[in-house]
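Here the structure is laid out as structure tokens; the discussion comes afterwards.
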């Protein structure tokens, strides 16, 4: 069965999400940006969500994690929680 590990940054607006994505693509450290800006408790761990299987996260998040490119910063991804930047750190299956 498929499983993945990812980290994310959760913010309130698409504009903030795009600004943070530009900073990361410009060389800022994903984990440092997550610690500073993410509204999710996982921000304290640099946005790390650990390992999970399909169906354990909200649908929009799952679709990106199980189809997107590993190691690339993906997003903004809108869910009921806000806007996410997602980095898939590992995926199998």
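Residue numbers (our numbering): 7 to 99. By construction, the Cβ of each residue, glycine as well, lies at the ideal position given by its N, Cα and C atoms.
**Item:** Collapsed DSSP secondary structure at residue 76 in the structure displayed
**Value:** Working through the chain shown from its first residue, we reach residue 76 at position 70. It is coil, neither helix nor strand.
**Alpha carbon of residue 21 to alpha carbon of residue 45, nearest angstrom** = Translated into the one-based positions of the chain shown, residue 21 becomes position 15. Translated into the one-based positions of the chain shown, residue 45 becomes position 39. One C-alpha to the other measures close to 15 Å.
**Prompt:** Does the beta-carbon of residue 59 have 16 or more other beta-carbons within 10 angstroms, so that it is buried, or is it exposed?
**Reply:** Reading the chain shown from its first residue, position 53 is the one you call residue 59. Exposed, since its Cβ has fewer than 16 Cβ neighbours within 10 Å.
**Asked** Taking C-alpha atoms, which residue in 40, 33 and 32 lies nearest to residue 16?
**Response** In the chain shown, residue 16 corresponds to position 10, counting from 1. It is 40.
**Message:** Does residue 81 pass the burial test, meaning 16 or more other C-beta atoms within 10 Å, or should it be called exposed?
**Reply:** Locating residue 81 in the chain shown gives position 75, where the first residue counts as 1. So residue 81 counts as buried.
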